[in-house]
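Reviewing the structure listed below.
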Amino acid sequence: MSTSDVPMAGSLSGTERQVSWYEASARNRLRLLLDAGSLVEFIGPEQRETSPHLRLFDLPEQFDDGIVVGRGQLDGAPVLVAGQEGRFMGGAFGEVHGAKLTGLLRAAREMRSIPVLILFDTGGVRLQEANAGELAIAEIMRAMIEARAAGVKVIGLIGGRAGCYGGGGLIAACCSALAVSEQGRIAVSGPEVIETNRGVEEFDSRDRALVWRTMGGKHRRLIGGADLFTDDTVDDFRAAALQLLRFPLAFGLDALDAEQSRLEDRLRRFGACRDATDIWALEGIPQPESIPGLPPDRFLKLAAAFPPSLGAR
Amino acid sequence: MEDLTFRHTVPASAAGTRLQAIVGVVASGNLEVLAERVLSPTECLFEIRTAAEGFREVWTAVIADFVQRYSPGGLKLSVNDGGARPDTVALRLAQALRMMETGR
C-alpha cells in the first residue's frame, strides 16, 4: 500500500524500496531513491575530503564529511542529488559538508535544466566549525536562489532522524518545494534551544508529543510549511519527488509576493494560537486532538482538504 | 584520537572485482570502513583512526582474526572509528569485504 499525497503512477515499486527512510543511511536512501545503479558520487569517500577542523577538537572525521553529492536518474530523467547523513555529528553543516552542497547547486545553476534533490537530515551548523558552517549556510542559500532564478527546481525531502533544523531549516525554506514524513521535523530553533533561551514554560523539549505536533511533518503539511506529506518508505519519497518535479514551480517576483501574502495571512489568522491544536481547530478540523495519532493514510485523506501552496515559495 | 596501522601478508586475494566500497557511519559506538582494491594480491593494509585511545592490543587481535578468517588480499581498509566495540568492528570489516565480493 502506498500512503503518500501522490498517486502510484511513476513509482517503480520494489520490495527494496519499501525500507524505512528514517532508518536508512544517506547513501542507501540515495541508492534506493534513484533508478537502480544510476547513482554516481562526486567527491566520494575515497577522495578523503574530510573536515579540516574536527582533528583540532580530537574528534573523528568521516570520509565524506557527512554528505553524499552526485548525479543519477529518476524515472529515466537526470537529477543532481545531495543526501545528509544524520547520524554523523547530527548531519550538521561544516566547511567541507557545506562546500559540497554549494558546488552541486552552482553546477545546477550552470546546467539550468537538471533539477536538484536534497535529502535533508541535519541539526544545523556544526558547532566545532561554527563560522565556516554559518558561511556555508549563506553560500548554499545564495547558490540555491541563483540556481532557481536560472530555472532549476530544487526539491527538499525530509524524513531523517535529525529532522531539518537550524541553517538546514533556512535552506529548506529556500527550496522550490518540500516533501515531509511524519518523522521529519522542520524548524530553525530546535526544542532544546527554545527551552534554553525562553524557559520550559515556553517550550518543554522533553514533551515529545509537543515537539512533534509543533515541528513534525503533519503540522508542517497542514500549515503549508511543506507541500506534500508522505509515508516513511523510500518508495513513497520517490513518488513524492516525482510528483513535485511535475509541478511548474516557477520562481520570480510573483512567487515571492505570493509567498509573502500567504505568510502574512497565516500570521493574521493563527498568530494568537498557543498550540498547533488551536490552529487545527481554527481550520475547522473535527477532533483536532486526534491528528497526531492518525495513521498516514487517514491523515492524507484529511490533508487533501488543504491543497499545497505550490507556486508560492 | 589515535592512529594505528597494520600490515598483513595473506595467501589469497579478496574475491570479486569491485574496486571500492564503504559501510557504516562515524557515530558513538559505530565506525565506517572504506575498502579499496589498490594493493598486490598478497598484501593487506589497515589504517585506523579511533576516538578511543589505548586499545592497540584489541585492534591487533580483531584485525588478526579478520585477516586469518577471510584472507582479504589486495585490500586497503581505512577505518574512522567513533569508539565501536570489537564485535561491531569485526561485523563492519566483514560487511565491507562482502560488498567488495558481491558488488552490493
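Residue numbers (my numbering), protein chains in the order written: chain A, 1 to 313; chain B, 1001 to 1104. Glycine included, every Cβ here is placed at the ideal spot set by N, Cα and C. Predicted, not measured: the structure shown is a model, and the values here were computed from it.
Query	Result
Interface residues of chain A facing Gly-1029/B [CB-CB closer than 9 Å]	Those within 9 Å of Gly-1029/B in chain A number zero; the least Cβ separation is about 11 Å.
Thr-1102/B - DSSP class collapsed to helix/strand/coil	helix
Gln-353/A and Ile-67/A closer than 8 Å at C-beta	Within the shown structure, residues of chain A are numbered from 1 to 313, placing residue 353/A beyond reach of any answer.
Where Phe-237/A falls: helix, strand or coil (DSSP)	helix
Backbone CA spacing between Arg-1018/B and Arg-106/A [nearest angstrom]	31 Å
Residue-chain proximity (Arg-1051/B, chain A), Cβ-Cβ < 8 Å	In the sequence as displayed, the identity of residue 1051/B is Ala instead of Arg. It does: the Cβ of Ala-1051/B has a partner Cβ on chain A nearer than 8 Å.
N- and C-terminal bounds of the beta strand (DSSP E) containing Gly-169/A	Unbroken run through Gly-169/A is the alpha helix (DSSP H), 167-173; no beta strand (DSSP E).
Cα-Cα separation, His-53/A to Glu-129/A	6 Å
Spatially closest choice to Leu-33/A from Arg-87/A, Thr-196/A, Leu-256/A, Arg-71/A, by CA coordinates	Arg-71/A
Whether Val-96/A touches Glu-49/A by CB criterion (8 Å)	yes
Helix, strand or coil at Val-211/A [DSSP, three-state]	helix
Sequence-distant residues of its chain with Cβ nearer than 7 Å to Ser-25/A (five each side left out)	Glu-85
Cβ contact check for the segment 184-202 of chain A and the segment 141-151 of chain A: 3 or more pairs under 8 Å	no
Contacting positions in the segment 74-103 of chain A - beta carbon closer than 7 Å to chain B	Glu-85, Arg-87, Phe-88
Below-8 Å beta-carbon distance, Glu-110/A vs any chain B residue	no
Beta-ladder partner(s) of Thr-122/A, from DSSP	Cys-164/A
Between the CA atoms of Gly-1082/B and Ala-1027/B - distance to the nearest angstrom	5 Å
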